[in-house]
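To keep things clear, I will list the structure first and then write my remarks on it.
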Amino acid sequence: MKKLTSKSIKNWLQTLLETWRIANNSNVWAHCASVGFFGFLSIFPVMAVFVLLYGLAFSPAEMQEQIALLSQFIPDTVYEVLNSRLSELVSTTTSALTFSLLISSLLALYAGSKGIKSLIILINLAFHITQERSFVQSTIRAVGLTFAAVVVLIIAVSSIAIIPLGAAYFPFPQIAKTIALWSRWPILTGIIFLSFLGLYRLAPNRDAVALKKLMPGAALATVLWIILSILFSIYVQNFNNYSAEFGALSAAVVIMLWLYYSAFIVALGAIFNSEAIDNAKPYAFRVY
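Quick note on numbering: the sequence shown equals residues 7 to 294 in the numbering used here.
Printed below as a string of structure tokens:
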């Protein structure tokens, strides 16, 4: 393990400043807007697949109770819209995986992959890679990553829902139950970190890079995304009244803004990785 010295700390800070400079002097913000728009259109098809798969293991009542835990991580306006649609889907879901439902899920995954496609383009841009995959390859990659996102969401919801149930069911000492309940948040943070790490490994159209070289950007994105979610939620709830400005469209605006800034954080992590990789060459940021 390399020893952390004042010189290495200075190098990391310089890399961070260079990352910020590149991100603000490039076409990243425009591509983030694309991710925000197509990500918004992709949310509801992805939610349908999530409810279908999650409904195979849990009853509608259990699903609604567990999904309510997500309200702690996203702005209230966003949660209200998502919860309304989730409630509709939960009330009509089935516990059996039929052929027609399987086809519907595949179609929903394809429809929901538009947001991931935009995100892949953004990450390729951040790694200064020209998108060269064929339509079929890019579609398969996007659908696969969309399905992976659904699976990760299921794991995340399950982790923050099942741990309290286990703590209440088993006769553990109170201190053990308290530790178990608090452990949900480090576990969730770890899931977010692994999600960014997987995204930076699988999305770029390039030869596989060692995971350890992608960890700095994934760690940066994880910390920034958690901070963003907390601060943006506080801002929306206390310092801005989008409903007065946008009326019925306020929820859609908040969701797209949240996705927009989240996409910028994903790009920052990717640029940071590109700058920090040992054999990375200096480059001028391309505008596609």
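The C-beta atom is built at its ideal place from N, Cα and C for all residues, glycine as well.
This one's a predicted model, so the numbers in the text were calculated from it and none came from an experiment.
Length of the line joining the Cα atoms of residue i and residue j
| i | j | result |
| --- | --- | --- |
| Ser14 | Phe278 | 15 Å |
| Ile197 | Asn211 | 24 Å |
| Leu312 | Pro179 | Limits of the chain in this structure are 7 at one end and 294 at the other, which puts residue 312 out of reach. |
| Phe199 | Ala114 | 26 Å |
| Ile135 | Leu62 | 40 Å |
| Leu311 | Ile236 | The structure shown has nothing for residue 311, since the chain only spans 7 to 294. |
| Glu94 | Ile73 | 13 Å |
| Ile126 | Asn244 | 34 Å |
| Ala216 | Val52 | 30 Å |
| Glu251 | Val55 | 33 Å |
| Ser280 | Ser32 | 15 Å |
| Gln143 | Val149 | 10 Å |
| Trp18 | Thr228 | 17 Å |
| Tyr4 | Val57 | In this structure the chain extends from 7 to 294, so residue 4 is not present and cannot be described. |
| Asp213 | Pro177 | 50 Å |
| Pro192 | Val87 | 27 Å |
| Gly172 | Leu230 | 31 Å |
| Lys16 | Cys38 | 29 Å |
| Arg27 | Ser40 | 21 Å |
| Val158 | Ser65 | 20 Å |
| Ala257 | Ile232 | 21 Å |
| Gln20 | Met221 | 17 Å |
| Trp264 | Leu255 | 14 Å |
Where the alpha helix (DSSP H) through residue i begins and ends
| i | result |
| --- | --- |
| Pro2 | A question about residue 2 goes unanswered here, because the residues of the chain that appear run from 7 up to 294. |
| Val260 | 256 to 282 |
| Val34 | 34 to 60 |
| Phe238 | 217 to 244 |
| Ala74 | First-last for Ala74: undefined, no H or E at that position. |
Short Cβ contact (8 Å threshold) for residue i with residue j
| i | j | result |
| --- | --- | --- |
| Tyr85 | Ile160 | no |
| Leu151 | Ala67 | no |
| Ala269 | Gly42 | yes |
| Val272 | Val260 | no |
| Lys219 | Ile283 | yes |
| Ser111 | Gly45 | no |
| Ile129 | Leu203 | no |
| Leu234 | Leu274 | no |
| Ala132 | Val34 | yes |
| Gly2 | Ser48 | Past the edges of the chain, shown from 7 to 294, lies residue 2, and the structure says nothing about it. |
| Leu154 | Gly223 | Before going further, note that residue 154 is Ala rather than Leu in the sequence given. In this structure, Gly223 does not lie closer than 8 Å to Ala154 by Cβ. |
Beta-carbon contacts of residue i that lie in its chain and below 7 Å, excluding the five residues immediately before and after
| i | result |
| --- | --- |
| Leu194 | Ala162, Ser165, Ile166 |
| Phe50 | Arg91 |
| Phe24 | Correcting the residue identity first, residue 24 is Glu in this sequence and not Phe. Answer for Glu24: Glu281, listed in chain order. |
| Val156 | Val52, Val55, Phe56, Leu59 |
| Ser77 | Tyr85 |
| Tyr116 | Val149 |
Nonlocal neighbours in the same chain, by C-beta distance under 6 Å from residue i, ignoring five residues either side
| i | result |
| --- | --- |
| Ile169 | Ala186, Arg190 |
| Ser140 | none |
| Met262 | Gly42, Phe46 |
Contact set for residue i: own chain, Cβ-Cβ below 8 Å, skip 5 residues either direction
| i | result |
| --- | --- |
| Ile146 | none |
| Asn30 | none |
| Arg207 | Ala214, Val215, Leu217, Leu220 |
| Glu138 | Asn211 |
Residue-chain proximity (residue i, chain B), Cβ-Cβ < 8 Å
| i | result |
| --- | --- |
| Ile135 | Absence of chain B from the displayed structure is noted, only one protein chain being present. |
Jot down the residue ranges of each uninterrupted beta strand (DSSP E) in the region 122 to 188, minimum 3 residues, whole runs only, in chain order. You should have found no qualifying run.
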